[in-house]
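One point on numbering: in numbering that gives the first Met the number 0, the residue at position 256 of the sequence shown is 255, and numbering is uninterrupted.
In what follows, a structure is listed as structure tokens, so that the remarks can point back to it.
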Amino acid sequence: MSVLFISPGYPDEMALFARALADTGTSVIGLGDQPWDALPGPVRSGLAHHVHVGRLDDEGAVLEAVRGLAAQVTIDRVECLWEPYLLLAARIREALGLPGMSVERTLPFRDKELMKRTLDAAGIRTPWHTATHTVAGVYEAAERIGFPLIVKPISGAGSADTHRVETREELDRAVDLVRHVTEVSVEEFIEAEEFTYDTVCAGREVLFENVCWYRPRPLVTMQNEWISPVTVALRDLDRPELAAGREMGRAVLAALGFEAGFTHMEWYRKADGEVVFGEIGARSPGGRTVDVMNYATDGDLFAGWAHAVVHGRLPQPLERRYNAASIFKRARGTGHITGVEGLSQLLDDHGEHVAAVELLPVGAPRRDWRQTLIGDGMIVVRHPDLETTLRIADRAASQVTLHAG
Ligand SMILES: Nc1ncnc2c1ncn2[C@@H]1O[C@H](COP(=O)(O)OP(=O)(O)O)[C@@H](O)[C@H]1O
Ligand SMILES: [Mg+2]
């Protein structure tokens, strides 16, 4: 089989997916805006060929290049796990008459209003929502919804330009702040705990599922630099408080007709137990979550995904052995990393449960915490017992400090 893989070198984990695909014996053709030389070595050695285009967002030029290629070599599938180019992948499939997610099927994954309308029609509980291009439309929606509400871009990511609004003054400010966004979504604010529902599917069946618990909610971590975001992949998916969310997840996949590959959904669980849909992507979760799943299972979800799309099954069953938590650190101060405090004590006390420490080294420039969820580095802890995992994760969050100056 021959698979065209969009953007094998960026973002970083795409290299791992592309390599895993090649390791199934598939002939992988890369398509991206990076030249061959810029691709990571392990990817280069896995690619049968690489099509370097100037810009991936120049759809006409990309389609032309792909048509030229298809005249010379066989392409059986098109795969993409990077959000901005899921539609491009669908367009290429249609242009070449290939199976897989069509443009029509992909659109509801990219347009959050269409997504929620499709799910409303299937009887799935979404936050009350509307989409608008105008300032007047935002105020009208606010009249109907009342406070608190949320204003966010229709095709946003990483909580960018997302505002919780509680008063008329805050609404005025939010409207000002999202003026550059062409279309916004105005939603009822759901006060709740927030979880993910991630899957690897094939033939419309769920082959693997994962639930992560965000501590605290992403919106809160995006508004408070001092917080170290914690994401916990839960070991025991049969916990009663997850049942309704998992059931919703399966209903969402069925309603959207998802076929094969990775999915990443977010859902909310209110204090009264009601579950509400958040959003879904037809791709793997970002923020190193695939690695966290690997730490939870001692498995390889990059390979799992590759086998699912090529063979329709996982290479071996995955067992959830641990709760695995990623903790992202944001250094105190600006400039370059000057040191780390509290890490050796954490390792002394809990070293056997610390699965990874990938913090920026001293001297490295700080990353922009608003632009990247992974901040200035990650610690992963894992333990079969949830309470213990949370205790160690919270300690890594509150007592390990990176300093910058
Ligand atoms: N209707 C809502 N009620 C409560 N919180 C919300 C709502 N919509 C978004 N949020 C918060 O904002 C975050 C980002 O919104 P989301 O729709 O997931 O967009 P994205 O992650 O693509 O930026 C969510 O994780 C959640 O914390
Ligand atoms: Mg989100």
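Glycine is no exception: its CB is placed at the ideal position from the N, C-alpha and C atoms.
Legend entry - Residues surrounding ligand 2 [beta-carbon distance to nearest heavy atom under 7 angstroms]: Ser158, Pro217, Glu265, Gly277, Glu278
Inset, instruction - Kindly confirm or deny that the stretch 319-333 and the stretch 224-233 touch, where touching means at least three C-beta pairs closer than 8 angstroms. - result: yes
Inset, instruction - Check whether the Cβ atoms of leucine 80 and serine 325 sit closer than 7 angstroms, and answer yes or no. - result: Taking the sequence shown and counting its residues from 1, the one referred to as residue 80 is at position 81. Taking the sequence shown and counting its residues from 1, the one referred to as residue 325 is at position 326. Against a cut-off of 7 angstroms, the Cβ pair of serine 325 and leucine 80 comes out as no contact.
Inset, instruction - Reducing DSSP to helix, strand and coil, say where aspartate 348 ends up. - result: Locating residue 348 in the sequence shown gives position 349, counting from the first residue. Reduced to three states, the DSSP call for aspartate 348 is helix.
Inset, instruction - Might you give, ordered along the chain, the residues of its own chain that have their beta carbon closer than 6 angstroms to the beta carbon of lysine 115, omitting 5 neighbours on each side? - result: On the sequence shown, position 116 is the one that residue 115 refers to. Cβ neighbours of lysine 115 beyond the five flanking positions: Thr125, His128.
Inset, instruction - Measure the alpha-carbon distance for glutamate 204 versus glutamate 258 and round it to whole angstroms. - result: Within the sequence shown, the letter at position 205 stands for residue 204. Within the sequence shown, the letter at position 259 stands for residue 258. Going by the C-alpha atoms only, they are around 8 angstroms apart.
Inset, instruction - Return the chain-ordered ranges of every beta strand (DSSP E) run that is complete within the stretch 79-139 and spans a minimum of 3 residues. - result: 128-131
Legend entry - Cross-strand partners of phenylalanine 4 (DSSP beta bridge): To locate residue 4, count along the sequence shown from 1; it is residue 5. DSSP output for phenylalanine 4 lists Gly29, Glu78 as bridge partner(s).
Legend entry - Straight-line Cα distance separating valine 174 from serine 6: Along the sequence shown, read from residue 1 onward, the residue named residue 6 stands at position 7. Along the sequence shown, read from residue 1 onward, the residue named residue 174 stands at position 175. The straight-line gap from Cα to Cα measures roughly 35 angstroms.
Inset, instruction - Go through the stretch 197-284 residue by residue and report every complete run of the beta strand (DSSP E) that reaches 3 residues or more, in order. - result: 204-209, 211-214, 229-232, 260-268, 274-280
Inset, instruction - Say whether the stretch 10-25 touches the stretch 299-316, bearing in mind that this needs 3 or more beta-carbon pairs closer than 8 angstroms, one atom from each stretch. - result: yes
Inset, instruction - Compare the Cα-Cα distances from proline 147 to each of Gly122, Ala191, Leu176 and report the closest residue. - result: Within the sequence shown, numbered from 1, the residue matching residue 147 stands at position 148. Checked all of Gly122, Ala191, Leu176; the closest Cα to proline 147 is Ala191.
Legend entry - Cβ distance (whole Å) where valine 42 is taken to contact isoleucine 123 below 8 angstroms: Numbered from its first residue, the sequence shown carries residue 42 at position 43. Numbered from its first residue, the sequence shown carries residue 123 at position 124. Their Cβ separation, rounded to whole angstroms, is 38 angstroms, which puts valine 42 and isoleucine 123 out of contact at 8 angstroms.
Legend entry - Validate contact between the stretch 56-75 and the stretch 22-39 using beta carbons, cut 8 angstroms, 3 pairs: yes
Inset, instruction - Output the distance between the C-alpha atoms of proline 152 and serine 1, rounded to the nearest integer angstrom. - result: Working through the sequence shown from its first residue, we reach residue 152 at position 153. Working through the sequence shown from its first residue, we reach residue 1 at position 2. Roughly 36 angstroms between the two C-alpha positions.
Legend entry - Beta bridge counterpart(s) of alanine 355 as assigned by DSSP: As a position in the sequence shown, residue 355 is number 356, starting the count at 1. Alanine 355 pairs with Val379.
Legend entry - Counted within 10 angstroms of its Cβ, other Cβ atoms place valine 399 as buried (16 or more) or exposed: Residue mapping note: residue 399 aligns to position 400 of the sequence shown, counting from 1. Buried, because 16 or more other Cβ atoms sit within 10 Å of the Cβ of valine 399.
Inset, instruction - Helix, strand or coil for glycine 338, going by three-state DSSP, please let me know. - result: Locating residue 338 in the sequence shown gives position 339, counting from the first residue. In this structure, glycine 338 counts as strand in the three-state DSSP scheme.
Legend entry - Under the three-state DSSP convention, the category isoleucine 144 falls into: The residue given as residue 144 occupies position 145 in the sequence shown. Three-state result, isoleucine 144: helix.
Inset, instruction - For the beta strand (DSSP E) containing glutamate 187, list its first residue and its last residue. - result: Mapped onto the sequence shown, residue 187 falls at position 188. Here the beta strand (DSSP E) through glutamate 187 covers 183-187.
Legend entry - Own chain residues within Cβ distance below 6 angstroms of arginine 104, not counting five before or after: The count along the sequence shown starts at 1 and reaches residue 104 at position 105. Result list for arginine 104: Gly256, in chain order.
Inset, instruction - Figure out for me which residue from Leu359, Gln344, Ala403, Glu186 has the closest Cα to the Cα of lysine 111. - result: Start at 1 with the first residue of the sequence shown, and residue 111 comes out as number 112. Nearest of Leu359, Gln344, Ala403, Glu186 to lysine 111, Cα basis: Glu186.
Legend entry - CA-to-CA distance, alanine 88 to glycine 311, given in whole angstroms: Mapped onto the sequence shown, residue 311 falls at position 312. Mapped onto the sequence shown, residue 88 falls at position 89. The straight-line gap from Cα to Cα measures roughly 19 angstroms.
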